[in-house]
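Worksheet for the structure shown next.
Chains as they are written, first to last, in my numbering: chain A, 1 to 763; chain B, 764 to 898.
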C-alpha cells in the first residue's frame with residue numbers, strides 16, 4: 001500500500017525546514033543578509049518566514065557605518081545576488097514539497113539556476129556507481145540542446161527517465177572522479193575536455209559542481225556558456241544551493257528507495273499470497289482467519305481460495321463482514337458455535353466443532369471447523385483456522401446409521417441372537433445381537449472381543465468340545481447346526497440351537513463363523529418328553545409283546561401239541577403281525593436313539609460276503625410271504641468297517657421293501673461290489689419303481705411312496721430313514737436308482753477297510 | 764460235567780413268567796422256580812439252589828442289577844450264572860450288564876422254542892475249564 005502523498009509531503013517539508021534554516025544560518029554567519037524581497041506566491045509562508053526573521057534580526061544588530069559607503073554598494077549587489085539565490089533555493093524546496101512527481105521539481109529549478117548564473121544550458125543529475133564502483137551520471141533535468149532531428153528524438157525519448165552519462169574523460173567526468181568543482185573557461189583547448197559530439201553547440205565555458213550530502217557525492221550540477229566565463233566566486237556563491245540540492249537529492253533518493261522497497265514488499269506479498277492460494281487450492285477445505293472485534297462485529301480477513309469455498313461468499317465480502325456466512329448457520333447451531341468459540345478464546349485453547357448450515361443453493365451442508373484464538377490487546381480475537389465441508393461424509397454417516405438402526409431393529413426382532421465370531425478356542429465374538437442377553441443373562445458387549453467373558457465360557461463344558469468338532473468338520477459351503485447347552489447367569493441350563501456357516505482360509509480351515517442361535521429349551525423339553533414317552537411306551541409294549549410272541553412261538557413250535565390246520569393259519573397270522581409290531585417298535589426306538597445321537601455303534605472290520613448271505617437268509621421267510629425269491633448276485637471279497645448287526649438292519653430294510661414292492665414270482669438280487677475304494681451293496685427289484693415326485697423324500701422319516709398299493713403292503717415308513725442315518729453314522733452313504741414301471745436299485749456304500757486305513761486319501 | 768436242571772426265573776410280568784415256564788419246562792425239560800420280584804427271588808435262591816438264574820432287568824423296587832449284586836452275597840451263589848432278560852439291549856447296555864457279572868443277555872421278545880437250547884449252550888460254556896482261564 002502506498003503512503004499517502006500528503007504524508008510524504010509533510011516529511012519532506014520537515015526535512016527542508018532544517019535545510020532552509022541551515023542555509024539562512026550560513027548566510028547570516030558570512031555577514032550577508034539574504035532576505036528575499038518577493039516571495040513567489042506558491043512558496044509556503046512559514047518556513048521562509050523563519051529565514052526572513054533571522055535575516056531581519058541580523059540586519060538590526062549590524063547597522064552600516066558611514067565609512068563603509070562604497071562597500072555598501074558592493075554589498076547591495078551582493079545582497080541582490082544572495083536574494084536571487086535564496087529565491088531559487090526556496091523555489092526548489094517549495095516545488096519539491098508540493099510536487100507529486102519529484103523529478104518534475106528539477107525542471108523549473110534548472111531554468112532558475114541557468115538564469116541565476118547567466119548560463120546558456122546545463123543539467124542537474126544524480127551520481128551513481130556501477131558494479132565496478134565507477135561513477136556515472138543520470139540526469140534529473142537537462143537543457144534541450146538538440147542540434148538535429150536525431151538528437152531531438154534521442155532527447156525526447158531519454159530525457160524524461162534521465163539520461164546516463166558515463167564517459168569520465170570529459171569535463172563533467174573529472175568532477176565525478178574528483179568530487180571537486182571544475183571551471184573551464186576555454187574548453188576547446190582544455191586538456192581535461194574529452195571533446196563534444198559533432199553538431200553539439202559550441203562549449204565556450206563550463207562549470208561543474210559536485211553535490212554532496214555529508215562527505216558523499218550524490219549529485220552534480222553542470223552549466224555552460226556563461227558570457228565571460230565562470231569565476232571561482234561562483235562556486236562559493238552557489239554553495240548554499242548545492243547544499244540544499246544535496247539534501248533534496250538525498251531525500252529524493254530515500255523516497256525512491258522507500259518506494260522501491262514498498263513496491264517490492266507489496267509485490268512479494270502479492271506473490272506470496274498467490275503462492276499460498278495455489279497451495280491452498282489443493283486442500284480439501286478452507287484455511288481462514290476470523291476476526292471478532294471487541295464490538296462484536298466479525299469478518300474473515302483471510303480465506304484461502306480453492307475448489308471448496310463451502311459458503312461461496314466472495315472473499316472481498318467476507319473480508320469486510322462475516323455476516324453472510326453467519327446468516328447461513330441456523331440460530332441454535334450458531335449459539336452453540338459462538339458459545340464454544342468464546343469459551344475457547346477465554347482459555348486460549350483450540351476450538352473445534354461440527355455444525356449445520358443452510359446454503360442458499362445447496363441446501364443443508366455440514367461444516368467441520370478447527371481454529372486457535374489469538375487475543376489482541378484491544379479486545380479483538382483473531383482466529384486461525386481450517387474449515388472442511390463434511391456434508392458428503394455426514395450424509396453417508398447418517399445413511400449408514402439409518403441402515404444400522406434398521407438392521408439392529410430387524411435383528412432385535414429376531415427370536416434369537418445373530419453373531420459373527422472367530423473360529424477360535426474362545427468363540428471370540430466380533431458381533432453379537434442383544435437377544436443374547438435373554439439367552440445367557442449377559443449383555444452382548446460383554447462378549448465382544450472377550451471383553452468380560454468369552455462365549456465359550458458360557459457354553460456347557462460337556463458340550464463345548466462338540467461345538468468345536470461340529471464346526472471344524474463342516475465342509476466349506478455347507479451350514480452347520482448344533483444343539484448345546486448354555487449356562488445362564490442365573491444358573492439355569494438353556495438349550496440352544498445354533499445354525500451358521502463359516503468362512504475358510506486358503507488352507508480350508510474355518511476362520512469366521514456367521515450364524516444365528518436361539519433358545520430351544522422348551523422344544524428340547526418337549527422333545528425329551530416325547531422321546532421318553534416313545535421309549536417308555538416302546539418298552540412297555542415290548543413286555544406284552546414278549547408274551548404274545550412267546551406264546552405264539554410255543555404253539556407254532558408245537559410245544560403244546562399240533563393245532564388243527566385252520567387254527568394254525570390263524571396262529572401264523574397272529575405271529576406274523578406280532579413280528580411286524582415288534583419291527584415297528586424296534587424302528588421307533590432306533591429313530592429316537594438316532595435323533596438323539598444315543599445309538600451306540602460297534603464298528604469292526606468285517607467281510608461283506610457273510611453279512612450279505614446272512615441278510616438273505618434272514619429275509620427268506622418274509623420273501624416267501626410275497627412269493628418273491630431273493631438271490632445273491634456278484635459278491636466281491638472285501639472287508640469294511642461297520643457294525644455288522646446294523647449293516648444287516650440296513651440291508652434288511654432294503655430287502656423287505658424290495659419284497660413288498662415286487663410282483664409275485666419275481667426275483668430280488670443282492671450284489672456286493674468293490675468299486676473305487678468302496679464296498680457297494682445293491683438290492684435290485686423288478687417292482688413298480690418309485691414315482692419321480694416322491695423320490696426326493698424317499699429317505700425322509702415316515703415317508704412312503706404314493707403307489708396305490710403301498711398302504712396295503714404295510715410298513716412304518718421309517719426303514720429308509722433309519723438306514724440312511726445308520727449308514728451316515730458308520731461313514732457310509734445310501735442312494736437309489738429307479739425307473740417307474742421297471743423297478744429300483746437301492747445301494748449302500750462304505751469305504752473299504754484298506755481305504756479307511758489311509759484317512760488322507762480321498763475316497 | 765453237571766447237567767443243567769434247576770433254573771430260577773425272576774420276572775414281574777405274569778404272562779412272560781408263563782411263556783418262560785412253558786418254554787423251559789415243556790420244551791426244555793428243566794425244573795423252574797418262578798418268582799415275581801427280586802426280594803422273592805433272593806429268598807428262593809437259598810432253598811431252591813438254582814444252577815442258573817434268569818433275571819428280568821426292569822422290575823419295581825429291586826431291579827435286576829441290584830438283585831444280582833445281592834444274589835452274589837448269598838452263600839453258594841457266587842459263581843451261579845445269571846442271564847439277564849431285557850427289552851433294553853443296546854450295545855452299551857449289554858456291555859454294562861456283562862460288566863456287572865451277567866453271563867449273557869437275552870433280548871425280549873425272544874424265541875421260546877430256541878430258549879432252552881440257548882441256555883444249555885451257555886451252561887456248557889460256563890462249565891468249560893477255558894472259562895476260568897479266560898476270566
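Just so you know, even glycine gets a beta-carbon here, dropped at the ideal spot from N, CA and C.
Since this is a predicted model, take the numbers as computed values, not measurements.
Considering only the alpha carbon of each residue, which of the options lies closest to residue i?
i, options, result
"residue 693 of chain A", "A/740, A/450, A/217 and A/745", "A/740"
"residue 133 of chain A", "A/502, A/340, A/177 and A/595", "A/177"
"residue 452 of chain A", "A/471, A/464, A/428 and A/593", "A/428"
"residue 482 of chain A", "A/467, A/598, A/342 and A/119", "A/467"
"residue 207 of chain A", "A/283, A/169, A/123 and A/276", "A/123"
"residue 337 of chain A", "A/326, A/291 and A/346", "A/326"
"residue 623 of chain A", "A/578, A/669, A/389 and A/585", "A/669"
"residue 183 of chain A", "A/205, A/158 and A/318", "A/205"
"residue 594 of chain A", "A/553, A/722, A/462 and A/697", "A/722"
"residue 421 of chain A", "A/343, A/500, A/366 and A/408", "A/500"
Within this structure, are the beta carbons of residue i and residue j separated by less than 7 Å?
i, j, result
"residue 629 of chain A", "residue 753 of chain A", "no"
"residue 486 of chain A", "residue 471 of chain A", "no"
"residue 192 of chain A", "residue 168 of chain A", "no"
"residue 355 of chain A", "residue 333 of chain A", "yes"
"residue 786 of chain B", "residue 875 of chain B", "yes"
"residue 674 of chain A", "residue 643 of chain A", "no"
"residue 141 of chain A", "residue 135 of chain A", "no"
"residue 844 of chain B", "residue 866 of chain B", "yes"
"residue 509 of chain A", "residue 601 of chain A", "no"
"residue 778 of chain A", "residue 350 of chain A", "Residue 778 of chain A cannot be examined here, being either before or after the span of chain A that is shown, 1 to 763."
"residue 771 of chain B", "residue 828 of chain B", "no"
"residue 573 of chain A", "residue 619 of chain A", "no"
"residue 357 of chain A", "residue 329 of chain A", "yes"
Can you tell me whether residue i is helix, strand or coil according to DSSP?
i, result
"residue 162 of chain A", "coil"
"residue 424 of chain A", "coil"
"residue 482 of chain A", "strand"
"residue 751 of chain A", "strand"
"residue 562 of chain A", "coil"
"residue 886 of chain B", "helix"
"residue 877 of chain B", "coil"
"residue 668 of chain A", "strand"
"residue 246 of chain A", "helix"
"residue 778 of chain B", "helix"
"residue 40 of chain A", "Low confidence applies to residue 40 of chain A: its pLDDT is 43, below 50, so where it sits in the model is not reliable enough to give any reading."
"residue 498 of chain A", "strand"
"residue 445 of chain A", "helix"
"residue 267 of chain A", "helix"
"residue 827 of chain B", "helix"
"residue 468 of chain A", "helix"
"residue 697 of chain A", "helix"
Can you name the residues of chain C whose CB is closer than 9 Å to the CB of residue i?
i, result
"residue 606 of chain A", "Going by chain labels, chain C is absent from the structure shown, which instead holds the protein chains A and B."
State yes or no: is the beta carbon of residue i nearer than 7 Å to at least one beta carbon in chain A?
i, result
"residue 871 of chain B", "yes"
"residue 789 of chain B", "yes"
"residue 772 of chain B", "no"
"residue 819 of chain B", "no"
"residue 795 of chain B", "no"
"residue 850 of chain B", "yes"
"residue 843 of chain B", "no"
"residue 813 of chain B", "no"
Taking 7 Å as the threshold (beta carbon to beta carbon), is residue i in contact with chain B?
i, result
"residue 648 of chain A", "no"
"residue 420 of chain A", "no"
"residue 600 of chain A", "yes"
"residue 706 of chain A", "Its pLDDT being 46, under 50, residue 706 of chain A is placed unreliably in this model, and the coordinates cannot settle the point."
"residue 488 of chain A", "no"
"residue 582 of chain A", "yes"
"residue 539 of chain A", "yes"
Among all the DSSP beta bridges, which residues are the ones paired with residue i?
i, result
"residue 213 of chain A", "A/216"
"residue 352 of chain A", "A/370"
"residue 538 of chain A", "Answer by DSSP bridge pairing: none, since residue 538 of chain A is not bridged."
"residue 675 of chain A", "A/678"
"residue 170 of chain A", "Answer by DSSP bridge pairing: none, since residue 170 of chain A is not bridged."
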